[in-house]
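Residue numbers (this note's numbering): 986 to 1337.
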Amino acid sequence: MYPPKSGYGPDIIGPTTATIEGEAYSEGETRAWAEYGVWPSDWCLTGGVKGSHERTTPRPVAEQGFILAELSDLTEGTPYCVRLVAENAYGTGASEQMVFETEVRLQLTVSIAGTGSGTVTGFGISCPDMCSHTYTSQAGGRAIGNEVHVALTATPAAGDAFAGWALTVAPEREEFKGWSAGSCPPPFGFPFVPTPAECEVKAGGVWHVTATFSPPSTGQAIPASCRMTLASAHGATVLVISKRRAKKRGAIRGRLPIRLSCSQSASVNLTAIVGERPRRAGRHQRRTTYVVLPKLSTRVKMGSDNSLTLTVPSAVIRALRAGDRVSVRLTLVVSSAAGSSTLSRAVALRIV
């Protein structure tokens, strides 16, 4: 007769629970349980030799029987180590340790305010019809670190205008209060101002977003309003450029397909701003210096498909390093007989 051996694998992992399943290879009456701790605690790093841990309630299993261990009261977005342990009259056997990470959960509610009207859309959101959704890092949201990123777009009704965002967070997420000063926060790592009608919520917990729409002032003509969509082979808003090719040619050109949709015919002036990596002033120097490229102007027929060739001078390329990710802000100034309006869109620029 021998002590039991066990093998296992994760089955279901949620924000605060996890189910671990396996088999205990043993003879005679056997019971099994799961032992776990937060990674990287002493208990995890020493393979259970030092430190404290949690364990589930032992349950009896048949010979070579199925084990199902339920872990509860876990913390969202947190890594854990876990192993299965089986015991019979001849001794105790444990499986190898594995590490898993619980999901991050974001509960988002959208409201529409103001005297105008419009819609707010995003994955799982189509307000005013569907105005709340719960996201996890594995369903509906884009996981970055221990956050869920969800993008929202506000679209005003014909004749109305989008006035702005208001972002509030539940009291238990006090660390995010600084993000709710009347606008959605910009994505991390890129020093640009987001398009006013676009918002990206980045966190876990419970959030509330309000989009305000307003009608035009009485007697005023409505300037042409436009929407701009970008796409490239490397992602929706990512342009990859080669530093080696830029050195040979003196500059690098990347073609970005653009789709413009405007309420009326107008002329369009486009300015591109590239974030340049500044000289080293410390280990954690942020990239806040800008290089303004020559203005690119074009007259287009609204509603048609167009393309932009973005030229980045070699002087800018030399200031960057392979692996850098900086930002390009494309700003459209739309002019028509009724007036003018501006539209900005951010593009990630990756150096290879």
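Ideal Cβ placement from N, Cα and C applies to all residues, glycine included.
Per the Cβ contact rule, the region 1038–1045 is in contact with the region 1014–1023 (3 or more Cβ pairs under 8 Å). For Cys-1029, the enclosing alpha helix (DSSP H) begins and ends at 1027–1030.
Remark: C-beta atoms of Leu-1093 and Val-1034 do not approach each other more closely than 8 Å. In this structure, DSSP gives Gly-1033 a state outside helix and strand, which the three-state scheme calls coil. A residue is called buried once 16 or more other Cβ atoms fall within 10 Å of its Cβ, and Glu-1008 is buried on that count.
Per DSSP, reduced to three states, the secondary structure at Thr-1001 is coil, with no helix or strand assignment. As DSSP reads the structure, Cys-1184 sits in a beta bridge with Leu-1137. Our two residues, Pro-1000 and Gly-1144, have alpha carbons roughly 43 Å apart in a direct line. Annotation for Val-1194: the continuous beta strand (DSSP E) segment containing it runs 1190–1199. For the pair Thr-1106 and Glu-1055, the Cα-to-Cα distance works out to about 37 Å. Closest in alpha carbon position to Thr-1004, among Leu-1059, Thr-1015 and Glu-1072, is Leu-1059.
Going by C-alpha positions, Cys-1116 is about 26 Å away from Thr-1087. In the three-state DSSP reduction, Tyr-1065 falls in the strand class (E or B). One alpha carbon belongs to Pro-1141, the other to Thr-1153, and they sit about 22 Å apart. Residue state for Tyr-1010 is assigned as strand, using DSSP reduced to three classes. Here Phe-1051 is exposed, its C-beta having fewer than 16 other C-beta atoms within 10 Å.
Bounds of any beta strand (DSSP E) do not take in Glu-1088, whose DSSP letter is neither H nor E.
Taking C-beta atoms as the reference points, Phe-1147 and Gly-1189 fail to come closer than 8 Å. According to the DSSP assignment, Leu-1059 belongs to no beta strand (DSSP E), since it is labelled neither H nor E.
Contact check for Val-1070 and Ala-1079: beta-carbon distance about 5 Å, within the 8 Å limit, so the pair qualifies. Val-1186 counts as buried, since no fewer than 16 other beta carbons sit within 10 angstroms of its beta carbon. Per DSSP, His-1038 is not a residue of any beta strand (DSSP E), being assigned neither H nor E. One alpha carbon belongs to Thr-1119, the other to Asn-1073, and they sit about 44 Å apart. In the three-state reduction of the DSSP assignment, Trp-1018 falls in the strand class, which pools E and B. Where Ser-1080 is concerned, there is no enclosing beta strand (DSSP E), because DSSP gives it neither an H nor an E.
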